[in-house]
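Numbering (this note's numbering), first residue to last: 597 to 848.
Here it is in structure tokens:
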């Protein structure tokens with residue numbers, strides 16, 4: 597695989613009322629827009645969708661547990677039928693907001709604890725998958741590259757988008773190191789940019805214990821709410837340009 601043949605999508609979590617969304621929309625190609633359950637007011641979601649449309653950035657629904665106090669980062673043991681309803685509610689709200697400003701929701705990405713839980717929590721994974729199937733099965737599910745949930749979604753007939761993280765450390769098993777552990781979030785822009793280029797061009801990433809991981813990802817997440825987020829994102833985009841990597845939305 598040559599560098600010139602490589603294209604990657606860059607995504608960021610936006611509409612949360614934190615971080616510099618305007619700056620991030622000038623860097624990323626996909627916006628994971630909060631749906632109000634973990635963060636974001638209706639007015640903030642409307643403004644974010646409008647800005648994404650103006651910037652030519654595609655919109656995804658970032659669905660979450662109903663946990664504004666914990667920013668969606670606490671596991672919640674929600675009954676599958678209730679979780680499916682929660683997902684449908686959030687996507688529906690963002691679809692209406694997006695339509696009102698001339699854009700549309702083109703994929704779904706779970707947020708925080710829900711994202712990590714469905715990697716292995718089969719009942720909750722199936723609840724999320726069921727929601728997308730009930731909406732017609734056309735919206736892709738964005739999730740952790742190589743994780744069981746993407747295989748389950750694919751087996752159910754859903755399109756999927758495999759995702760990796762620019763500023764998060766990985767365990768040797770290919771999952772994210774919990775934020776409660778030391779070294780979970782990377783903070784050096786040059787290190788983050790170098791990791792992303794290696795990941796995109798070689799499919800390789802170094803885990804927290806120094807072992808090599810094979811990760812095939814179509815999209816890379818640049819967190820918008822971490823210190824130095826915009827600087828990290830700009831360095832990643834520039835490093836990809838120097839490596840001859842094109843940046844564009846992942847195909848549906």
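The C-beta atom is built at its ideal place from N, Cα and C for all residues, glycine as well.
Being a predicted model, the structure only gives us computed values, none of them experimental.
Worksheet item: Leaving out five residues before and five after residue 598 in sequence, what residues of the same chain have Cβ atoms less than 7 Å from its Cβ?
Response: Confidence at residue 598 is low in this model, with a pLDDT of 38, below 50, so its placement is unreliable and no value can be given for it.
Practice prompt. Have a look at residue 753 and residue 739 and give me their C-alpha separation to the nearest angstrom.
Written response: Their backbone Cα atoms lie some 15 Å apart in a straight line.
Worksheet item: Looking only at C-alpha atoms, which of 721, 818, 801 sits nearest to residue 810?
Response: With distances taken between Cα atoms, residue 810 lies closest to 801.
Discussion item. So, for residue 714: in the same chain, excluding its five sequence neighbours on each side, which residues have a beta-carbon less than 8 Å away from its beta-carbon?
Written reply: 706, 720, 721, 724, 739, 745
Worksheet item: When burial is assigned at 16 or more other CB atoms within 10 Å of the CB, is residue 736 buried or exposed?
Response: buried
Worksheet item: Which residue from 708, 614, 620 puts its Cα closest to that of residue 775?
Response: 708
Item to complete: Return the CA-CA distance between residue 831 and residue 677, expressed in angstroms with no decimal places.
Response: The straight-line gap from Cα to Cα measures roughly 42 Å.
Worksheet entry | Cβ-based burial, residue 851 [other Cβ within 10 Å; buried from 16] | With the chain running from 597 to 848 in the structure shown, residue 851 is simply not present.
Discussion item. Strictly by DSSP, which residues pair up with residue 810?
Written reply: 800
Discussion item. Taking its Cβ as the centre, do 16 or more other Cβ atoms sit within 10 Å of residue 716, making it buried, or is it exposed?
Written reply: exposed
Fill in: Neighbourhood of residue 656 by C-beta distance below 8 Å, restricted to the same chain and skipping five residues each side
607, 626, 627, 628, 629, 701, 702, 703, 704, 705, 738
Discussion item. Could you pull the DSSP bridge partners for residue 757 from this structure?
Written reply: 738
Discussion item. So, for residue 671: in the same chain, excluding its five sequence neighbours on each side, which residues have a beta-carbon less than 7 Å away from its beta-carbon?
Written reply: 709, 713
Worksheet item: Who are the Cβ neighbours of residue 842 in its own chain at under 6 Å, not counting the five residues just before and after it?
Response: 603
Worksheet entry | According to DSSP, residues forming a beta bridge with residue 654 | 626
Discussion item. Residue 659 and residue 683 - do their beta-carbons sit closer together than 7 Å?
Written reply: yes
Practice prompt. Label residue 665 either buried or exposed according to how many other C-beta atoms from any shown protein chain fall within 10 Å of its C-beta, with 16 as the threshold for buried.
Written response: exposed
Practice prompt. Can you say whether residue 833 is buried or exposed, counting buried as having 16 or more other CB atoms within 10 angstroms of its CB?
Written response: buried
Discussion item. Cutting at 6 Å between CB atoms, please list the residues of its own chain near residue 614, excluding the five before and the five after it.
Written reply: Result list for residue 614: 821, in chain order.
Worksheet item: Count the other CB atoms within 10 Å of the CB of residue 747; is the residue buried (16 or more) or exposed (fewer)?
Response: exposed
Worksheet item: Can the beta-carbon of residue 826 be found closer than 7 Å to that of residue 760?
Response: no
Worksheet item: Would you say residue 755 and residue 803 are within 7 Å of each other, going by their C-beta atoms?
Response: no
Worksheet item: Within 10 angstroms of its Cβ, does residue 698 collect 16 or more other Cβ (buried), or is it exposed?
Response: Exposed is the call here.
Worksheet entry | Cα-Cα separation between residue 690 and residue 644, rounded to whole angstroms | 11 Å
Worksheet entry | Same chain, Cβ closer than 8 Å to residue 605, five either side skipped, listed in chain order | 625, 626, 757, 814, 815, 816, 843, 844, 845, 846
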